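One structure below.
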Amino acid sequence: MTKQVRRDFFPERTYNTTDVARIAQVTLRQLQWWDERKVVSPQREGYGCAYRLEEGIEISVIAELRRKGLSLQKIRPVLRFLRHEMRRRLEDVLSPDSRFHLLTDGKSGYLEDRHEGIIDLLKSARKPMFLVSIGDQVRRLEGIPRRTPDSQSSSGTRIGAGRPPKLSPDQVQLASQLLEQGKAVKDIARTFDVHEATIYRLASTL
Numbered sequence: 006m007t008k009q010v011r012r013d014f015f016p017e018r019t020y021n022t023t024d025v026a027r028i029a030q031v032t033l034r035q036l037q038w039w040d041e042r043k044v045v046s047p048q049r050e051g052y053g054c055a056y057r058l059e060e061g062i063e064i065s066v067i068a069e070l071r072r073k074g075l076s077l078q079k080i081r082p083v084l085r086f087l088r089h090e091m092r093r094r095l096e097d098v099l100s101p102d103s104r105f106h107l108l109t110d111g112k113s114g115y116l117e118d119r120h121e122g123i124i125d126l127l128k129s130a131r132k133p134m135f136l137v138s139i140g141d142q143v144r145r146l147e148g149i150p151r152r153t154p155d156s157q158s159s160s161g162t163r164i165g166a167g168r169p170p171k172l173s174p175d176q177v178q179l180a181s182q183l184l185e186q187g188k189a190v191k192d193i194a195r196t197f198d199v200h201e202a203t204i205y206r207l208a209s210t211l
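Plus 5 on top of the position in the sequence shown (first one is 1) and you've got our numbering.
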């Protein structure tokens with residue numbers, strides 16, 4: 006499939022606020038707050054709002070980094086970096102088979118799809134790095150049934166869908182490699198934003 010076809014394809018798919026809130030595990034009011042502050046704004050369609058795939062991914066990334074403890078001030082430059090990279094490599098980053106991960110220490114950002122590259126960045130980092138799987142976000146969004154944009158008002162009720170698995174298959178492989186290379190359990194747990202017990206259980210299977 007050509008780049009032009011890919012670029013024509015992605016904007017056709019949009020997601021309503023309810024679906025994006027559920028995938029990102031945030032409230033509808035939180036989406037509205039980010040919209041008001043020009044962090045990520047949806048497309049206006051009549052009386053409703055709709056997010057493109059790229060915007061849905063941005064929302065999920067912001068939500069994950071906020072849960073990991075990064076301030077919105079630190080997230081903004083990381084988001085600018087992600088937008089630049091997604092524009093440059095749209096057809097690869099937004100592919101359903103995407104294996105891209107965003108890594109950041111709150112100052113610098115990296116977008117990497119090779120496990121070796123991710124491991125090298127984590128090993129050489131002088132500060133704790135936070136890891137977000139862009140590929141996982143793409144697949145969660147693509148798994149939503151197609152529907153028309155809603156006109157849901159921004160209430161403060163959290164949209165419940167349960168938390169995603171503690172570690173995705175890609176993350177299990179990455180964490181296993183870090184364990185085998187001697188990375189400290191507490192550092193690995195911080196990188197993937199999981200409890201140390203999760204990493205210890207993984208270590209017991211190696």
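Ideal Cβ placement from N, Cα and C applies to all residues, glycine included. Small disclaimer: the values here were computed from a predicted structure and weren't measured.
- By the CB criterion at 8 Å, residue 107 and residue 95 fall outside the cutoff.
- For residue 206, the three-state secondary structure derived from DSSP is helix.
- According to DSSP, residue pairing for residue 131 in a beta bridge does not occur.
- Here DSSP, grouped into helix, strand and coil, assigns residue 136 to strand.
- In this structure, DSSP gives residue 142 a helical state, which the three-state scheme calls helix.
- A direct Cα-Cα distance of roughly 10 Å separates residue 66 from residue 72.
- Here residue 75 carries a coil assignment [DSSP, helix/strand/coil].
- Between residue 184 and residue 208, the CB-CB gap stays under 8 Å.
- If you draw a straight line from the Cα of residue 143 to the Cα of residue 49, it is about 22 Å long.
- Exclusion of the five residues before and after residue 193 leaves 180, 183, 184, 204 as the residues of its chain whose Cβ lies within less than 8 Å of its Cβ.
- Residues of the same chain with a CB within less than 6 Å of the CB of residue 140, apart from the 5 flanking positions on each side, are 103, 104, 105 in chain order.
- Annotation: residue 36 to residue 119 spans about 32 Å, alpha carbon to alpha carbon.
- Annotated three-state conformation of residue 61 is helix, per DSSP.
- Membership of residue 99 in any beta strand (DSSP E) is not indicated, and neither H nor E is assigned to it by DSSP.
- In its chain, beyond the 5 residues on either side, 59, 98 have a beta carbon closer than 6 Å to the beta carbon of residue 91.
- In this structure, the beta-carbon distance from residue 128 to residue 176 does not fall below 8 Å.
- By the CB criterion at 8 Å, residue 47 and residue 23 fall outside the cutoff.
- Residue 186 sits in coil when the DSSP states are folded into three classes, being neither helix nor strand.
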